[in-house]
Amino acid sequence: MSTIDLAETTLRELNRTLQSASTGSFRVTNPRGAHAVAAGLNSDIEVEIDGPVGYYCAGMHQVGSVTVRGNASTGLAENIMSGTVRITGNATMSAGATGHGGLVVVEGNAGARCGISMKGVDIVVGGNVGHMTGFMAQAGNLVVLGDAAADLGDSIYEANIFVRGAIESLGSDCIEKEMTDDNFAVLERLLTASGLTARTDEFRRFGSARQLYNFAVDDIDAELANNGKASV
Amino acid sequence: MCGIVGLFLKTEKYRSDLGRLTAAMLHEMRSRGPDSAGFAVYDQGSANKTRLTLLNKATQDTYDGVDSGSDWRSMAASLEGHLNAEVEVRPLADHAVLETSGDGRAARQWVIDNVVDVDVLSYGQQIELFKSVGDPDLVADRYDLAGRSGTHAIAHTRMATESAITTSGSHPFVTGSDTCLVHNGSLSNHNQLRRGLERNGESFQTENDSEVAAGYLSWRLRNGDTIDAALEQALLDLDGFYTFAIGIKDGFAILRDPIACKPAVVAETDDWVAMSSEYRAIAQLPDVEHSSLFEPEPGKVYTWSLTS
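Chains as they are written, first to last, in this note's numbering: chain A, -2 to 229; chain B, 257 to 564.
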């Protein structure tokens, strides 16, 4: 494993090294809240970051694994496509935002709008999540072992949200749904992959009621009449 | 964008380092607001003296290092006549700190009403405030932030959105005694609020939305609210996006709007409380690795006081 010290190496140099590596494992020290650490990884490498990171850590993550031993600021693993991003501490706003695939594990708490507009990523949060988590989530699974703050799953499409703890309130068009055998299997698989321990029968599932205007075919006609084109 | 920094020292331990630590934090927030910067530093002051920090607007955006001290002294002489009290003057670049045993609020209003091209940046027993357009590091250097000691400091780097890039439009803002505010965000109802506050005796010196938030707080505090009560009411009366860091006499406060798009992180040890837009500013502080770190919740009032 090679070590890159951000007290001595520039961020740009670090990311160039990581993005041009095809294999191997790397340890990053002294991140001290720097932005875009290990962003844009495109090979199956392993990166361990010792300390807290700033915005967009492991952002635009194509493949590979990133582990942060510390906290992360806004946009952890935003737009992740595959691979794994794990953080041992807390993440602030918009963790896993717009992710298409892969797994994001936040062992601590995640802040507001975790999984906003997620499009297929799986996210597992060991602690609590902030308000408007799962806002406009389109696909994928979001697992919360702790509590969820206000407006969970607002305007959600087809994603599944599993919560073990208390729900402050559900957002617009988000409802509780029955846990099917398939749901239990998915939950079991994600808990195992995350390394976090919980019983699957303690979770409730939430998803879309599909009652918002964008789910109604008649409304598309109205849109067409008004604007000359659908706004979908 | 904009970057916010606040440092509140609960014990004596780092008080002689207050300015140095605040400057290190401000440096990290340069990229969030490269167009202008400002800082307010609170010390224990002296009980019977009010200080006013003034800005010479005639030179504010073209400051060339010339000391405008002689002008300040003739202005202070007129102010002495109005207050019927002595006024001492300490010029610093395009700013000056006035100290008087006279009434601070009356002095502020006299300057606003009678002196062309001068803004009153602050007044109070504990606060001094400096701001300018330009690189935040240069602003900190010019007004010797690093050399200052005290109990708490609030600083700001600005990326202007709602009003022009001028020194007057830079943060922090003070409209009431020892009450200072910095803002990341934008208010939607500031014109309406400003008109209401002016009817209630507040006076403003800029078109800036954040000055209205400062005026709102000053008005509520002057009418007997505690800082907690004033901020609870602000949640109902202010419309827009905001993360505020607020300095008051012997105290420090944080408020975020209920949506909380604008970032904030807080760290606390036995000796200090620090708040910033980003962790990398807080990472500069001593013993930070043993601090308790949290993200302030949306719509929740946080306050700290030296006296409680």
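Glycine is no exception: its CB is placed at the ideal position from the N, C-alpha and C atoms.
C-beta contact flag for residue i and residue j at 9 Å
| i | j | result |
| --- | --- | --- |
| Ser62 of chain A | Gly80 of chain A | yes |
| Glu165 of chain A | Asp144 of chain A | yes |
| Ile483 of chain B | Leu477 of chain B | yes |
| Val353 of chain B | Arg398 of chain B | no |
| Thr559 of chain B | His546 of chain B | no |
| Phe386 of chain B | His351 of chain B | yes |
| Asp513 of chain B | Leu494 of chain B | yes |
| Gly21 of chain A | Asp47 of chain A | no |
| Ala293 of chain B | Gly390 of chain B | yes |
| Ser466 of chain B | Val430 of chain B | no |
| Glu342 of chain B | Gly358 of chain B | yes |
| Gly503 of chain B | Tyr298 of chain B | yes |
| Ala469 of chain B | Tyr498 of chain B | yes |
| Asp375 of chain B | Leu310 of chain B | yes |
| Ser388 of chain B | Ser419 of chain B | no |
| Asp327 of chain B | Asn312 of chain B | yes |
Three-state secondary structure (DSSP) of residue i
| i | result |
| --- | --- |
| Thr64 of chain A | strand |
| Glu418 of chain B | coil |
| Gly370 of chain B | Note on residue identity: the sequence assigns Asn, not Gly, to residue 370 of chain B. Here Asn370 of chain B sits in helix by DSSP. |
| His408 of chain B | strand |
| Thr130 of chain A | coil |
| Phe200 of chain A | coil |
| Lys313 of chain B | helix |
| Thr194 of chain A | coil |
| Val395 of chain B | helix |
| Val229 of chain A | At Val229 of chain A the pLDDT is 41, less than 50, meaning the model places this residue with poor confidence and gives no usable figure here. |
| His351 of chain B | strand |
| Phe460 of chain B | coil |
| Ser474 of chain B | helix |
| Asn157 of chain A | strand |
| Ile538 of chain B | helix |
| Gly301 of chain B | coil |
| Gly289 of chain B | coil |
| Ser548 of chain B | strand |
| Glu336 of chain B | helix |
| Met176 of chain A | coil |
| His32 of chain A | coil |
| Met331 of chain B | helix |
Proximity test, Cβ basis, 9 Å: residue i and chain B
| i | result |
| --- | --- |
| Met90 of chain A | yes |
| Arg29 of chain A | yes |
| Leu8 of chain A | no |
| Ala227 of chain A | Per-residue confidence for Ala227 of chain A stands at a pLDDT of 44, beneath the threshold of 50, marking its modelled position as unreliable; no derived number is given. |
| Ser166 of chain A | no |
| Tyr210 of chain A | no |
| Ser191 of chain A | no |
| Tyr53 of chain A | no |
| Thr177 of chain A | no |
| Ala136 of chain A | no |
| Leu149 of chain A | no |
| His97 of chain A | no |
| His128 of chain A | yes |
| Ala109 of chain A | yes |
| Asn76 of chain A | no |
| Asn12 of chain A | no |
Sequence-distant residues of its chain with Cβ nearer than 8 Å to residue i (five each side left out)
| i | result |
| --- | --- |
| Glu175 of chain A | Arg202 |
| Leu8 of chain A | Ala31, His32, Ala33 and Val34 |
| Ser3 of chain A | Sequence check: residue 3 of chain A is Leu here, not Ser. Leu11, Val25, Thr26, Asn27, Pro28, Arg29, Ala31 and Val34. |
| Gln489 of chain B | Arg476 and Asp481 |
| Leu38 of chain A | Leu15, Gln16, Val44, Ala55, His58, Gln59, Val60, Gly61, Val63 and Gly80 |
Minimum Cβ-Cβ distance from residue i to chain A less than 9 Å
| i | result |
| --- | --- |
| Ile538 of chain B | yes |
| Val521 of chain B | yes |
| Ala516 of chain B | yes |
| Glu534 of chain B | yes |
| Glu488 of chain B | no |
| Pro554 of chain B | yes |
| Leu549 of chain B | yes |
6 Å Cβ shell around residue i - same chain, five flanking residues per side excluded
| i | result |
| --- | --- |
| Ala74 of chain A | Ala55, His58, Val82, Gly93 and Val101 |
| Arg222 of chain B | Beyond the ends of chain B as shown, which are 257 and 564, falls residue 222 of chain B; an answer cannot be given. |
| Val126 of chain A | Ala107, Cys111, Val141 and Ala145 |
| Ile158 of chain A | Gly131, Leu139, Gly150 and Phe203 |
Residues near residue i in its chain [Cβ-Cβ closer than 7 Å; skip 5 each side]
| i | result |
| --- | --- |
| His338 of chain B | Trp366 |
| Asp393 of chain B | His283 and Arg286 |
| Val544 of chain B | Ala523 and Ile538 |
- Query: Okay, do the region 266 to 284 of chain B and the region 389 to 406 of chain B touch, 3+ Cβ pairs below 8 Å being the bar?
  - Reply: yes
- Message: Can you confirm whether the region 92 to 109 of chain A touches the region 176 to 183 of chain A when touching is taken to mean that 3 or more C-beta pairs between the two stretches lie within less than 8 Å?
- Response: no
- Query: Touching or not, the region 503 to 519 of chain B and the region 19 to 33 of chain A, by the rule of three or more beta carbon pairs under 8 Å?
  - Reply: no
- Query: Between the region 101 to 118 of chain A and the region 128 to 145 of chain A, do at least 3 Cβ pairs fall closer than 8 Å?
  - Reply: yes
- So does the region 368 to 381 of chain B actually touch the region 409 to 419 of chain B, counting three or more Cβ pairs closer than 8 Å? no
- Would you be able to state if there are at least three C-beta pairs under 8 Å between the region 259 to 267 of chain B and the region 524 to 541 of chain B? yes
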